[in-house]
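Okay, so the sequence shown: first residue is 0 according to numbering that gives the first Met the number 0, each after it adds one.
We put the beta carbon where it would ideally sit given N, CA and C, even for glycine.
For clarity, every value in this text was computed on a predicted model and none was experimentally measured.
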Amino acid sequence: MAILHFAALIEVGESVKDPVSLYENNVIGTLTLLSAAQAAGINAFVFSSTCATYGLPQSVPLDETHRQVPINPYGRTKYIVEQALADYGQYKNFRSVVLRYFNAAGADFEGRIGEWHQPETHAIPLAIDAALGRRQGFKVFGSDYETRDGTCVRDYIHVLDLADAHVRAVQYLLDGGESVSLNLGTGTGTTVKELLGAIEDVSNKRFPVCNPGQRRAGQALIYIIRGGSKLDVDWSAPLGVDTDQAAVLPARRMC
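Now the structure itself:
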């Protein structure tokens, strides 16, 4: 048996406003789950972590050897759990796979499930809502970065690729694999301007864009990773995410 732990509070901005809630949920909640796992004799654990544990990138593309110095409460809560998992593995037969997500994107191709937050804070659904006239435009937080068009870069990975990686992670542990930490991304960066252009092309809609300046707490950092994380065998995102695919409008958003 194995545990896959996805549950967490993830909004960076909220973590700055209310760090206590993040620590109570992400850290204390996970430690409680780990205690329950130990009591039940379950020693295989897959943990959803984040690229935010790296903090300010010293070089790109990022790989798993990059130092971890998170710069906001969200990243720190995930980093603390990663350290706890490493400590658990030292004193008992407890093994874990830590999966550091980059930017999850997309939806089920058949439209059965997709991204829907209230309130919404993620770039792709916010831009889709702007294209559909459900919000007044889109905010680009910073256009003076040292990137090809001045806007920040993200490594978007399709949620179905993430699901595939989790299945492989569980099988890896059940087959006796040792604890490991892995980045999950495509290795390809997309700028905010490129993403907005793809959404306009897919929706055939133009919408206003404003630039209120850079955000606090590292939300506009550049994250690009090296593809091909290892889960016993070579793994890379089978689907990948080109900007058009990431921007496909889920059926329920077109209603």
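(request) Would you mind sorting Asn182 into buried or exposed? The rule is 16 or more other CB atoms within 10 Å of its CB. (result) For this step, residue 182 is matched to residue 183 along the sequence shown. Counting C-beta atoms within 10 angstroms of its own C-beta, Asn182 has 16 or more neighbours from the protein chains shown and is therefore classed as buried.
(message) On a Cα-Cα basis, can you pick out the residue from Glu63, Pro69, Asn210, Ala7 that is closest to Val96?
(response) Within the sequence shown, the letter at position 97 stands for residue 96. Looking at the Cα atoms, Glu63 is the closest of the given residues.
(message) Given this structure, state the Cα-to-Cα distance separating Asp146 from Cys209, to the nearest angstrom.
(response) In the sequence shown, counting from the first residue as 1, residue 146 sits at position 147. In the sequence shown, counting from the first residue as 1, residue 209 sits at position 210. In the sequence under discussion, the amino acid at residue 146 is Thr, which differs from the Asp named in the question. Spanning the two alpha carbons is a distance of roughly 18 Å.
(message) Which same chain residues end up closer than 6 Å to Arg66 when comparing Cβ atoms and leaving out the 5 residues on each side of it in sequence?
(response) Within the sequence shown, residue 66 is the residue found at index 67, counting from 1. Cβ within range, chain order: n/a, list empty.
(request) Express the C-alpha separation of Gly88 and Gly175 in angstroms, rounding to a whole number. (result) Counting from one through the sequence shown, the residue named residue 175 turns up at place 176. Counting from one through the sequence shown, the residue named residue 88 turns up at place 89. Cα to Cα, the separation comes out at about 13 Å.
(message) Quick check: Ile79 and Ala36, are their CB atoms within less than 7 Å of each other?
(response) Counting from one through the sequence shown, the residue named residue 79 turns up at place 80. Counting from one through the sequence shown, the residue named residue 36 turns up at place 37. In this structure, Ile79 lies away from Ala36, with their beta-carbon atoms at least 7 Å apart.
(message) With distance defined between alpha-carbon atoms, name the residue in Arg111, Gly136, Ile112 nearest to Ala122.
(response) On the sequence shown, position 123 is the one that residue 122 refers to. Ala122 has its Cα closest to that of Gly136, out of Arg111, Gly136, Ile112.
(request) Would you mind reading off the limits of the beta strand (DSSP E) that contains His157? (result) The residue labelled residue 157 in the question sits at position 158 within the sequence shown. Its beta strand (DSSP E) spans residues 155 to 157.
(request) Taking the CB atoms as reference points, tell me whether Ile156 and Thr185 lie closer together than 7 Å. (result) Within the sequence shown, the letter at position 157 stands for residue 156. Within the sequence shown, the letter at position 186 stands for residue 185. Less than 7 Å separates the beta-carbon of Ile156 from that of Thr185.
(request) Tell me whether Val204 sits in a helix, a strand or coil according to DSSP, three-state version. (result) The residue labelled residue 204 in the question sits at position 205 within the sequence shown. Correcting the residue identity first, residue 204 is Lys in this sequence and not Val. It is coil, neither helix nor strand.
(request) Compare the C-alpha of Ala43 against each of Leu195, Thr187, Ser178 and name the closest. (result) Start at 1 with the first residue of the sequence shown, and residue 43 comes out as number 44. Closest by alpha carbon: Ser178.
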